Amino acid sequence: MIWKRDWGLTGRVWLTMFLLLIVYLVFLAVLWMLGIGTSFLILIAVGMAFIQYFFSDKLVLWTTGSRIVEEDEFPELHRTIEKLCREADLPKPKVAIMQSPVPNAFATGRSPKHAVVACTDSIMRLLSRDELEAVLAHELAHVKNRDILTLTIASFISMIAAIIMQNFLFASLFDRREGGAGAWIIAGIVAMIVWFVSNLLIMALSRYREFAADRGSAYITRNPKALISALNKISGRMDAVPPEYKAKVEGANAFFIIPALSGNTLMELFSTHPALEKRIANLEKVEAELRGY
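Per numbering that gives the first Met the number 0, the sequence shown starts with residue 0, numbered consecutively.
Structural data, given as C-alpha cells:
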C-alpha cells in the first residue's frame with residue numbers, strides 16, 4: 000500500500016493547531032492578569048481529557064448503543080476488516096454493530112491497539128461489498144492517523160473555557176476579593192469568545208481529518224470510486240431517514256463518516272465534515288494520482 004502525505008492538507012492542520020495555540024495562550028494570559036486561579040480548572044480539564052482519551056471507545060459505544068461482535072456472528076465483516084488492516088499495516092481493531100436505520104460507520108479508540116470500528120446494520124444492507132470496504136478503510140485511516148489523540152489535544156483548553164463559561168456567574172457571587180466578581184464576569188465573557196473561536200477552529204480541524212481519512216481509504220483500497228459511490232448513497236439515504244432517528248445518534252456525529260443532522264439543532268452551524276462535493280473532488284484528485292495523471 001502507498002501512503003502519501005498531502006502536504007497542503009498537513010499544512011492546514013498545523014496552521015489550525017497554531018491558531019488554536021495562539022487563542023489559548025491569549026486566554027490563559029487574560030486569566031492570569033485577572034487573577035483567576037487556573038490550577039483547579041486545569042485539573043478538571045485534565046480529568047475530562049483523561050476520560051475522553053482513555054474511555055472514548057466505551058463512551059461512544061455506550062451512547063450509540065453499539066455492541067462488540069465476534070467473528071462467528073459477522074464473519075464477512077471481520078474478514079473484510081482483517082484484509083484492510085493488512086493493507087494498512089494496522090492491528091485488527093474490535094468490531095461493533097449499531098442497530099439503526101441511519102446508514103453510517105465510525106471508528107474510535109485512543110490508539111491502533113485500542114481501536115474499535117463500527118458500522119450500522121443499515122449501511123451493510125445499503126452498500127455493495129466494494130463500497131462498504133471503502134467506508135471501513137476510511138474508518139481505519141482515522142485510526143492510523145490517530146485522530147482521537149489530535150482532537151483531544153486540540154480541545155483541551157476549550158474545555159477550560161467551557162467550564163468558566165458555564166460557571167462564571169456562580170463564581171462571581173462567592174469571590175470575596177476586591178474586584179473579584181468583576182474579574183469573573185470579564186473572564187466569563189472572554190471564555191465565551193474563546194470557546195466560540197476555538198470550536199470553529201476545532202471543527203475546521205475535524206473537516207481536514209475527514210479529507211485525510213478519505214484519502215487514506217483511497218490509498219488502502221486503491222479504489223476511490225467506491226468511496227465516492229458510498230458517500231453518495233449514504234448521503235442520499237440520509238435525507239430519507241426520519242429526523243427522530245437521526246436525533247438519537249446526533250451526539251456522535253463527529254465520529255460518523257457522514258453526519259446525521261436532524262435539522263433541529265445548531266450542529267449544522269458547526270459542521271464536523273466537509274461538504275460532500277468537496278470530498279468527492281478530493282477523491283477525484285486521488286484517483287488521478289493513482290492513475291498517474
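Just so you know, even glycine gets a beta-carbon here, dropped at the ideal spot from N, CA and C. On a predicted model such as this, the values are computed, not experimentally measured, just so you know.
Practice task
Starting from F210, follow the alpha helix (DSSP H) in both directions and report where the run begins and ends.
Solution key: In the sequence shown, residue 210 corresponds to position 211, counting from 1. Per DSSP, F210 belongs to the alpha helix (DSSP H) from G179 to T220.
Practice task
Specify the secondary structure class of F255 as computed by DSSP and reduced to three states.
Solution key: Here residue 255 is taken as the residue at index 256 of the sequence shown, counted from 1. Three-state result, F255: strand.
Exercise for the section: Return the CA-CA distance between D56 and E177, expressed in angstroms with no decimal places. Expected result: Taking the first residue of the sequence shown as position 1, residue 56 is located at position 57. Taking the first residue of the sequence shown as position 1, residue 177 is located at position 178. Distance between the alpha carbons of D56 and E177: 46 Å.
Problem - Residue(s) in a DSSP beta bridge with V116 - result: In the sequence shown, the residue the question calls residue 116 occupies position 117. In DSSP, V116 forms a bridge with V94 and A106.
Practice task
Tell me, to the nearest whole angstrom, how far the beta carbon of L135 is from that of L83; I am working on the premise that it is less than 8 Å.
Solution key: Indexing the sequence shown from 1 puts residue 135 at position 136. Indexing the sequence shown from 1 puts residue 83 at position 84. 6 Å between Cβ atoms; contact.
Handout entry: Identity of the residue in A259, M16, A160 and V29 nearest P242 by Cα
Key = Here residue 242 corresponds to residue number 243 of the sequence shown, with the count starting at 1. Selected option, being the one with the closest Cα: A259.
Handout entry: For F54 and S228, the rounded distance between their alpha carbons
Key = Here residue 228 refers to the residue found at position 229 of the sequence shown. Here residue 54 refers to the residue found at position 55 of the sequence shown. So the alpha carbons of these two residues sit roughly 33 Å apart.
Problem - DSSP three-state assignment for R290, whether helix, strand or coil - result: In the sequence shown, residue 290 corresponds to position 291, counting from 1. In the structure shown, R290 sits in a helix (DSSP, three-state: H, G or I).
Handout entry: M97 beta carbon less than 8 Å from that of T62
Key = Start at 1 with the first residue of the sequence shown, and residue 62 comes out as number 63. Start at 1 with the first residue of the sequence shown, and residue 97 comes out as number 98. No, the pair does not count as a contact, with Cβ atoms beyond the cut-off.
Exercise for the section: For my contact list, L139 and A95 are in at a C-beta cut-off of 8 Å; report their separation, rounded to the angstrom. Expected result: Against the sequence shown, residue 139 aligns to sequence position 140. Against the sequence shown, residue 95 aligns to sequence position 96. With 8 Å as the limit, L139 and A95 do not qualify as a contact, their Cβ atoms being about 14 Å apart.
Handout entry: Inter-residue spacing [alpha-carbon to alpha-carbon] between N144 and A153
Key = Along the sequence shown, read from residue 1 onward, the residue named residue 144 stands at position 145. Along the sequence shown, read from residue 1 onward, the residue named residue 153 stands at position 154. So the alpha carbons of these two residues sit roughly 15 Å apart.
Exercise for the section: Look at the alpha carbon of L172 and the alpha carbon of R109, and state the distance between them as a whole number of angstroms. Expected result: For the purposes of this step, residue 172 is taken as residue 173 along the sequence shown, with counting starting at 1. For the purposes of this step, residue 109 is taken as residue 110 along the sequence shown, with counting starting at 1. Near 39 Å, if we compare the C-alpha coordinates of R109 and L172.
Practice task
For R176, name the three-state secondary structure that DSSP assigns.
Solution key: Position 177 of the sequence shown, counting from 1, holds the residue named residue 176. In the structure shown, R176 sits in coil (DSSP, three-state: anything other than H, G, I, E or B).
Practice task
Return the Cβ separation of A44 and I122 in integer angstroms, given the expectation that the two are a contact with Cβ distance under 8 Å.
Solution key: Taking the sequence shown and counting its residues from 1, one reaches residue 44 at position 45. Taking the sequence shown and counting its residues from 1, one reaches residue 122 at position 123. Contact flag wrong, Cβ pair sits at about 35 Å.
Exercise for the section: List the residues that DSSP assigns as beta-bridge partners of R66. Expected result: Start at 1 with the first residue of the sequence shown, and residue 66 comes out as number 67. BP columns for R66 point to I96.
Problem - Nearest-angstrom Cα separation, counted from S38 out to M16 - result: Locating residue 16 in the sequence shown gives position 17, where the first residue counts as 1. Locating residue 38 in the sequence shown gives position 39, where the first residue counts as 1. Straight-line Cα distance between these residues: approximately 23 Å.
Handout entry: Nonlocal neighbours in the same chain, by C-beta distance under 6 Å from M47, ignoring five residues either side
Key = Position 48 of the sequence shown holds residue 47. Taken in chain order, the residues that qualify are M158.
Practice task
Name the residue from L230, R214, F195 and V25 whose alpha carbon lies nearest to the alpha carbon of N126.
Solution key: Here residue 126 refers to the residue found at position 127 of the sequence shown. According to the sequence displayed, residue 126 carries Leu and not Asn. Considering only alpha carbons, the answer is L230.
Handout entry: Residue from M202, T220, D146 and L24 with nearest C-alpha to E81
Key = As a position in the sequence shown, residue 81 is number 82, starting the count at 1. Comparing Cα-Cα distances from E81 to each of M202, T220, D146 and L24, the minimum goes to T220.
Practice task
Just the C-alpha distance for D238 and M191, rounded to the nearest angstrom, thanks.
Solution key: Counted from its first residue, the sequence shown places residue 238 at position 239. Counted from its first residue, the sequence shown places residue 191 at position 192. Straight-line Cα distance between these residues: approximately 33 Å.
Practice task
With DSSP as the reference, label V142 as helix, strand or coil.
Solution key: Within the sequence shown, residue 142 is the residue found at index 143, counting from 1. Looking at V142 - three-state DSSP - the assignment turns out to be helix.
Problem - Cα-Cα separation between K70 and W183, rounded to whole angstroms - result: Here residue 70 refers to the residue found at position 71 when the sequence shown is read from its first residue. Here residue 183 refers to the residue found at position 184 when the sequence shown is read from its first residue. The sequence shown places Glu at residue 70, rather than the Lys named in the question. Using only the alpha carbons, I get a separation of about 55 Å.
Problem - Same chain, Cβ closer than 8 Å to A251, five either side skipped, listed in chain order - result: If you number the sequence shown from 1, residue 251 lands on position 252. If we look at A251 and ignore the five residues flanking it on each side, its Cβ neighbours are V59, T62, T63 and F105.
Problem - For G215 and A287, the rounded distance between their alpha carbons - result: Counted from its first residue, the sequence shown places residue 287 at position 288. Counted from its first residue, the sequence shown places residue 215 at position 216. Cα to Cα, the separation comes out at about 15 Å.
Problem - Close beta carbons around A170, own chain, < 6 Å, minus the five adjacent residues each side - result: By one-based count along the sequence shown, residue 170 stands at place 171. Hits under 6 Å: W183.
Practice task
Helix, strand or coil for T271, going by three-state DSSP, please let me know.
Solution key: The sequence position of residue 271 within the sequence shown is 272, counting from 1. It is coil, neither helix nor strand.
Exercise for the section: Take K91 and list the residues in its own chain whose beta-carbon comes closer than 6 Å to its own, dropping the five residues that flank it on each side. Expected result: Residue numbering aside, residue 91 sits at position 92 when the sequence shown is read from its first letter. Hits under 6 Å: E81 and C84.
Handout entry: Proximity of I256 and S234 at Cβ, strictly below 8 Å
Key = Indexing the sequence shown from 1 puts residue 256 at position 257. Indexing the sequence shown from 1 puts residue 234 at position 235. Against a cut-off of 8 Å, the Cβ pair of S234 and I256 comes out as no contact.
Problem - Straight-line Cα distance separating K245 from E132 - result: Residue mapping note: residue 132 aligns to position 133 of the sequence shown, counting from 1. Residue mapping note: residue 245 aligns to position 246 of the sequence shown, counting from 1. Taking the straight line from one Cα to the other gives about 24 Å.
Practice task
Quick one: measure Cβ to Cβ for S205 and L150, integer angstroms, because I've assumed they're closer than 8 Å.
Solution key: Indexing the sequence shown from 1 puts residue 205 at position 206. Indexing the sequence shown from 1 puts residue 150 at position 151. With a Cβ gap of about 7 Å, S205 and L150 count as contacting.
Exercise for the section: Please indicate yes or no: does the CB of A153 lie closer than 7 Å to some heavy atom of the ligand COA? Expected result: Absent from the structure shown: the ligand COA. Ligands present: none.
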